[in-house]
Amino acid sequence: MFGTIMHGPGDVRFEQVEDLKILKPTDAIIKLSVTCVCGSDLWPYRGLQPNEGPAHMGHEYCGLLLTPLPRSDRMKGKRQSVRGDQTGGQ
Ligand SMILES: [Zn+2]
Numbered sequence: 030m031f032g033t034i035m036h037g038p039g040d041v042r043f044e045q046v047e048d049l050k051i052l053k054p055t056d057a058i059i060k061l062s063v064t065c066v067c068g069s070d071l072w073p074y075r076g077l078q079p080n081e082g083p084a085h086m087g088h089e090y091c092g093l094l095l096t097p098l099p100r101s102d103r104m105k106g107k108r109q110s111v112r113g114d115q116t117g118g119q
């Protein structure tokens, strides 16, 4: 799969990354329909905040849930929106 990765100030690349894996029962895989760059990404992009190495960008998005959530199979295949504080950054 591809991801948008910030390597350092002003250095953002759309590149091949490792496929996602379900590691915990609370993990889910969502096929993104739309996403954006958050204002919090602009600080390290501009070099005004430390960048701790390559990091995924775009932590607020909408898409289709591809894996069932542990508490509800009903949501699989439905559209989801995710807040930045609910993601693991990938
Ligand atoms: Zn955000």
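For the sequence shown, counting from 1, position 49 maps to 78 in my numbering; every step adds exactly one. Glycine residues also receive a C-beta, built at the ideal position from the N, C-alpha and C atoms.
Counting of Cβ neighbours within 10 angstroms places D40 among the exposed residues, the total staying below 16. Looking from the CA of V63, the closest CA among T96, E89, F31, L95 belongs to E89. At a threshold of 8 Å, C91 does not count as near ligand 1, since its beta carbon sits no closer than that to any of the ligand's heavy atoms. In this structure the region 48 to 64 touches the region 76 to 96; the number of beta carbon pairs closer than 8 Å is three or more.
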